[in-house]
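> Quick note on the working numbering: the sequence shown kicks off at 49 and runs consecutively.
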Amino acid sequence: MSRARVHDLRRAVGIARRYAAGSRFAARARGMPGPSGAHAGTEANPLEALFDAHTEGPGIFKWRHYFDIYHRHLAKFVGREVNLCEVGIYSGGSVSMWREYLGPASQIYGVDIEEACRVYAGEGVDVFIGDQGDREFWRSFVAKVPPLDVVIDDGSHQTDDQILTLESLLGHLRPGGVYIVEDVHARHHGFPVYLAGLAGHLNEVNSQTTALQRAIGSVHLYPSLAVLERPQDPAWRLEADRRGTVWQPFSAGEKGI
49 MSRARVHDLR RAVGIARRYA AGSRFAARAR GMPGPSGAHA GTEANPLEAL FDAHTEGPGI
109 FKWRHYFDIY HRHLAKFVGR EVNLCEVGIY SGGSVSMWRE YLGPASQIYG VDIEEACRVY
169 AGEGVDVFIG DQGDREFWRS FVAKVPPLDV VIDDGSHQTD DQILTLESLL GHLRPGGVYI
229 VEDVHARHHG FPVYLAGLAG HLNEVNSQTT ALQRAIGSVH LYPSLAVLER PQDPAWRLEA
289 DRRGTVWQPF SAGEKGI
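(1) Looking at G181 and D202, is the spacing between their C-beta atoms short of 8 angstroms?
(2) What's the call for V143, buried or exposed, on a 16-neighbour Cβ count within 10 Å?
(3) Taking the CB atoms as reference points, tell me whether M145 and L221 lie closer together than 8 angstroms.
(4) Please classify Q296: does DSSP put it in a helix, a strand, or coil?
(5) Tell me whether I63 is buried or exposed, calling it buried when 16 or more other Cβ atoms sit within 10 Å of its Cβ.
(6) Considering just the uninterrupted stretch of the beta strand (DSSP E) at W118, what are its terminal residues?
(7) Alpha carbon to alpha carbon, how far is L276 from P240? Give it in angstroms, no decimals.
(8) Quickly, what does DSSP pair V190 with across the bridge? List them, please.
(9) Does the beta-carbon of R59 have 16 or more other beta-carbons within 10 angstroms, so that it is buried, or is it exposed?
(10) So, at 6 angstroms on beta carbons, what are the nonlocal neighbours of H87 in its own chain, with the 5 sequence-adjacent residues on each side left out?
(11) Note down, in chain order, each residue of its chain lying with its Cβ closer than 7 angstroms to the Cβ of F109, except the 5 sequence neighbours on either side.
(12) May I ask you to verify whether the stretch 228-244 touches the stretch 167-185, counting CB pairs closer than 8 angstroms and requiring at least 3?
(13) Going by DSSP in three states, S268 sits in which element: helix, strand or coil?
Quick look at the structure:
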């Protein structure tokens with residue numbers, strides 16, 4: 049067996065062992081205490097307030113714990129001229145919620161496979177009908193809309209569709225943009241697995257950053273939800289500088305060297 053093959057097998061075994069170790073820790077972590085204190089989970093969230101106030105009209109269907117995540121990543125866009133694309137607008141209530149949250153300068157682009165969703169188009173809201181699993185649809189969409197600041201994928205929830213949509217729209221996301229994929233439920237959902245393979249390449253260290261490192265600044269995994277952020281000012285080099293004059297006399301081969 050070749051050295052390369054042996055290396056690949058050892059690497060695969062190492063990955064499997066780390067995955068098993070993570071699963072064991074997750075099982076033990078079920079007994080960890082949650083947040084405590086008078087302010088735990090009580091801070092006001094304007095997006096969640098809009099959701100709670102929406103008691104009539106077109107429906108909105110969202111998991112409650114998403115709202116803190118949305119607000120954490122999207123608050124910077126409030127009051128700005130921002131273009132948001134939501135894939136899967138269902139009963140139409142969410143497109144108006146996003147526009148009210150972001151402000152009147154925002155433009156919402158709703159995408160759905162159902163023709164009936166055209167009725168939700170209006171001031172500040174355009175609706176496109178198409179299949180998110182169709183690469184040609186996304187090529188046409190990108191040609192018709194300006195660069196996006198936010199993408200929220202709440203469409204088919206199928207892994208292949210989520211991957212194709214990300215690969216079709218990431219390059220159309222402006223610097224500083226945020227890409228959110230909802231409902232990646234289940235321990236072995238394919239999209240977080242895809243993200244793990246993608247995110248591993250963010251750790252490459254070269255004299256210059258890679259195109260991927262300049263395209264993706266961070267990847268966040270939350271319960272049932274994934275977020276990618278584009279860097280506002282991508283770095284062209286990864287540099288490790290030293291400051292100071294006193295250094296510990298570690299021996300070669302010691303931890304940290």
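Using N, Cα and C, we set each Cβ at its ideal position, and we do this for glycine too. Quick caveat, the model's predicted, so the values are computed rather than measured.
In this structure, then:
(1) no
(2) buried
(3) no
(4) coil
(5) exposed
(6) In the sequence as displayed, the identity of residue 118 is Tyr instead of Trp. That residue, Y118, is in no beta strand (DSSP E); its alpha helix (DSSP H) goes 114-122.
(7) 11 angstroms
(8) In the DSSP output, where bridge partners are listed per residue, V190 has none listed.
(9) exposed
(10) With a pLDDT of 47 at H87, under the threshold of 50, the modelled position of that residue is not reliable, and the figure given next carries that caveat. Closer than 6 angstroms at Cβ, skipping near neighbours: no residue.
(11) Y138
(12) no
(13) Note that residue 268 is His in the sequence shown here, rather than Ser. Note: H268 maps to strand in three-state DSSP.
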